[in-house]
Amino acid sequence: MRADRLVAALLLLQARGLVTARELAEELEISLATARRDFEALSAAGIPVYPQAGRGGGWRLLGGGRTDLSGLTADEARGLFALLGPASARDAPAGSALRKLLRALPETFRADAAAAADAVVVDPSPWGAVTRPRPAWADLLQHAIVERRAVRFGYARSGTAADREVDPLGLAVKHDRWYLLARRGGEHRTYLLDRMTDVEVLERTFERPDGYDATAAWAGIVAELEANRSRVAAVVVVDDAVVDALLDRFGRHAERLGDGPPTPEGRPTALVRAAAHSDRGLAEQLAPWSVREVRDAPGVAAELGALGRDLAARFGRA
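Going by numbering that gives the first Met the number 0, the letters in the sequence shown line up with residues 0 to 317, in that order.
Structural data, given as structure tokens:
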């Protein structure tokens, strides 16, 4: 039995109180026999579902059906579908689940909920970005995480490749990049799925660490990486016209401090504090923004000068 189908059947019972096998078959686009088996599976699982024979009969949830989906009000239903709608556009299973949830709502809620699901289009990619496809190993690793089975894969890093055997604990997606959170040799590690090859789910099972929270673990990883990316900081003077684009490029690693001195031509400038992992790294990121002055960071200024001299040597006229 498919879990998503059984959940949809239960939600229909909660919403309507009484549902026939034929109604369930039509709603979920399954056969009549499959619909009957789904109701029987719910009953066998301990859900208080029982058949009611005779005219007007069907399957009923003991205690009566609720008036809405899991006790949601009309406003809550609209809010839920507004949240789920954008996800359903990017993911086929999410879209299927959304349609089934919509059918489980009382008819008076459905039109508004459907409109809410279509009200917002979320396109998380920046302009000009190339969307990366979902990694080939994502589904396999997800199943291994749920089943708590170890995995083995090849992993390429810094020009070298080696086999890894780990206990998979969770998956994280950031800017279309997929990461595996795992345990190896008693230590917690993070692996980029794009660097994996030949992923194999093993027969060996493992116990998930007590109290492990993948969301909290990923938040800690992000915080550590972001701290490493901001070890070197500089205050720079740049043309005011480029500040918004510069701040978009640096994200949390830059902030506008105020107005800078005007240029000799009278154009406005701004003071911006920017940070990166090293003097060289910060200089390389600042180079495209026509920095007019670097304050309190001689190492960054020296690296910018070196970059400028290198460009002049390559492309400057004699």
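We put the beta carbon where it would ideally sit given N, CA and C, even for glycine. Here the structure is a predicted model, which means the values were calculated and not measured.
Asked	Found
CB of Asp37 within 8 Å of CB of Leu17, strictly	no
For Phe152, three-class secondary structure by DSSP	strand
Of the listed residues Arg147, Phe249, Gly257, nearest to Leu285 (C-alpha basis)	Phe249
Spatial distance of Gly169 from Ala213 (CA atoms)	6 Å
Trp217, DSSP secondary structure in three states	helix
Cα-Cα separation between Tyr190 and Leu180, rounded to whole angstroms	7 Å
Near the ligand COA: Asp197 beta-carbon under 7 Å from a heavy atom	Among the ligands in the structure shown, none appear at all, so the ligand COA cannot be discussed.
For Leu61, the three-state DSSP class (helix, strand or coil)	coil
Closest by C-alpha distance to Ala301, when choosing among Pro287, Gly315, Trp288, Asp278	Asp278
Backbone secondary structure at Ala232 - three-state DSSP	strand
Beta-carbon separation (whole angstroms), Val290 vs Val242, contact threshold 8 Å	Val290 to Val242, Cβ: 12 Å. No contact.
CA-to-CA distance, Val299 to Ala305, given in whole angstroms	10 Å
Separation of Pro167 from Leu10, as counted between CA atoms	32 Å
Distance, Ala32 Cα to Pro47 Cα	20 Å
Cβ-Cβ separation, Ala149 to Arg194 (assumed contact under 8 Å), whole Å	Contact flag wrong, Cβ pair sits at about 19 Å.
Coarse secondary structure for Val172, derived from DSSP in three states	strand
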